[in-house]
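**Q** Attaching a single structure in C-alpha cells format; questions to follow.
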Amino acid sequence: MSNFIKAAVIGHPIKHSKSPLIHNYWIKKYGLAGSYEAIDLAPDELEQGLHDLIARGFTGFNFTIPHKQAVMALCDEVDRSAQDIGAVNSVHVCDGKLKGFNTDAFGFLHNIKAACPDFRFNAGAAIVLGAGGAARAVIHGLLEEGTPQIILSNRTRTKAEALAQDARIKVIDWDARAQILGEANLLVNTTALGMDGQPALEIDLSNLPSTALVNDIVYAPLHTPLLRAAKKRGCTVVTGIGMLLHQARPAFREWFGMMPDVDEVLKGVVIS
Ligand code: ATR
Numbered sequence: 007m008s009n010f011i012k013a014a015v016i017g018h019p020i021k022h023s024k025s026p027l028i029h030n031y032w033i034k035k036y037g038l039a040g041s042y043e044a045i046d047l048a049p050d051e052l053e054q055g056l057h058d059l060i061a062r063g064f065t066g067f068n069f070t071i072p073h074k075q076a077v078m079a080l081c082d083e084v085d086r087s088a089q090d091i092g093a094v095n096s097v098h099v100c101d102g103k104l105k106g107f108n109t110d111a112f113g114f115l116h117n118i119k120a121a122c123p124d125f126r127f128n129a130g131a132a133i134v135l136g137a138g139g140a141a142r143a144v145i146h147g148l149l150e151e152g153t154p155q156i157i158l159s160n161r162t163r164t165k166a167e168a169l170a171q172d173a174r175i176k177v178i179d180w181d182a183r184a185q186i187l188g189e190a191n192l193l194v195n196t197t198a199l200g201m202d203g204q205p206a207l208e209i210d211l212s213n214l215p216s217t218a219l220v221n222d223i224v225y226a227p228l229h230t231p232l233l234r235a236a237k238k239r240g241c242t243v244v245t246g247i248g249m250l251l252h253q254a255r256p257a258f259r260e261w262f263g264m265m266p267d268v269d270e271v272l273k274g275v276v277i278s
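Quick note on this note's numbering: the sequence shown kicks off at 7 and runs consecutively.
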C-alpha cells in the first residue's frame, strides 16, 4: 500500500516515549492510513538501523536522546531552525532524501501560546535556567518571538556562555539565579531538576513579580515544585506537557500533510 505512512521515534532507551501515543491518537482521530512505533537503536546502530528502516518503507522519524545531534550528519538537508538549535528531532524521507528539522522551539512557544493567548514574549526579559539541548530550543524560540533580553543561568557557567551567541543573552552565575527574578516577564526551567527521581529545583521566588509567567519543561510530575511555588505567589503557570504535545504537530503535518490539534482527550491520554 503506497499511501500507508510508516513513522517511528528512535531513541536509546525508548520504552518510556509518549510519542507513539500522540501520533497514533492523531492517525486514528483523523482516519489516516499510517503507523507510528518506538524503535530502540543504540548510537552505534543508528546509521545502519535508519537505512534499514527506510528500506522497509519508513518515511517519518522522530529522534530523541541520545540521537538528536548525531542524526544531523546523516541528513541530506537540515532546516534553519535545526541548524540554529544544533539538533534534529524529526526527519522526513522524500524521494530518498533525508530532510531534517527541529520542532522543539515550536513546541515550547505553542504550549505557552495555547495556554495563555495574551502572553507577550516581547514585553520583558525571560529568565532561562539550564543550558542543555532543551535550553537551545527555548532560546531559539524566544529570540524569534522578539524577547528583548534573555538571562541565562546554568550550573556549569561555560555551557551557558557557549549558548550566548546573541547580544540579547546575558549569562549570570547559577548562585545568582534568585537575585535577578525581579526582571522576569517569563521564567522557564529547562533543567531536569524537579523531575520524578531528580532533586527539586531550589530557587527562592521572593523577588519574582506576580505578573511573570512561569513554565517548566519538566512534565513528570505535571505540577512541579517550581510551578506550585510560583502559583502560590499568584503567577500564571504553564506545565510542560504541552511542549511535548505541540512539538509533535509540525512533524505529523510534514509526514501526513495535515496539522493535527492538541485536544483535551489527547492531554488525558498522555498524562495518564
Ligand atoms: P536536555 O536535552 O533535556 O536539556 P541536557 O542537555 O542533559 O538535557 O541538560 C540538562 C540540564 O540540566 C543542564 O543545564 C544541566 O546543567 P549542567 O550543564 O551544569 O550539567 C542541568 N542539570 C542537571 N542536573 C542538575 C543539577 N543537579 N543542578 C543544576 N543543574 C542541573
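By construction, the Cβ of each residue, glycine as well, lies at the ideal position given by its N, Cα and C atoms.
Tell me which residue opens and which closes the beta strand (DSSP E) that G147 is part of.
**A** Run containing G147: none in the beta strand (DSSP E); it sits in the alpha helix (DSSP H), G139 to E150.
**Q** How would you call P72, buried or exposed, if buried means at least 16 neighbouring beta carbons within 10 angstroms?
**A** Flag for P72 reads exposed.
**Q** Expressed to the nearest angstrom, what Euclidean distance is found between the alpha-carbon atoms of W180 and D101?
**A** Straight-line Cα distance between these residues: approximately 47 Å.
**Q** Just to check, is the beta-carbon of P227 closer than 7 Å to a non-hydrogen atom of the ligand ATR?
**A** Because no heavy atom of the ligand ATR lies under 7 Å away, the Cβ of P227 does not count as near it: no.
**Q** Could you tell me which of R163, G188 and F125 sits nearest to E151, measuring between CA atoms?
**A** Comparing Cα positions, the closest option is F125.
**Q** Find out if the Cβ-Cβ distance for the pair S216, R239 is shorter than 8 Å.
**A** Yes.
**Q** How would you write the range of the alpha helix (DSSP H) that G274 sits in, first residue to last?
**A** Here the alpha helix (DSSP H) through G274 covers E270 to I277.
**Q** Less than 8 Å between the CB atoms is what I'm expecting for F262 and L104, so what's the real figure, rounded?
**A** So it is not a contact: roughly 18 Å between Cβ atoms.
**Q** Please list, in chain order, all residues of the same chain as A88 whose beta carbon is under 6 Å from its beta carbon, the five residues on each side excluded.
**A** Hits under 6 Å: V94, G106, F107 and N108.
**Q** Compute the minimum distance between the beta carbon of T230 and the heavy atoms of the ligand ATR, and state whether it is under 7 Å.
**A** Result no, Cβ not under 7 Å from the ligand ATR.
**Q** Judging by CA-CA distance, which residue of A226, R174, P154 and V177 is the nearest neighbour of N128?
**A** The option with the nearest alpha carbon to N128 is P154.
**Q** Does DSSP put D50 in a helix, a strand or coil?
**A** Residue state, collapsed to three classes: helix.
**Q** Alpha carbon to alpha carbon, how far is R255 from Y36?
**A** One C-alpha to the other measures close to 13 Å.
**Q** Compare the C-alpha of A198 against each of A168, I175, L232 and L149 and name the closest.
**A** Ranking A168, I175, L232 and L149 by Cα distance to A198 puts L232 first.
**Q** Using the Cα positions of A137 and P205, report the straight-line distance between them to the nearest angstrom.
**A** Rounded to whole angstroms, A137 to P205 spans 17 Å at the Cα level.
**Q** Taking C-beta to C-beta, are A13 and G66 nearer than 8 Å?
**A** For A13 and G66, yes; Cβs fall inside 8 Å.
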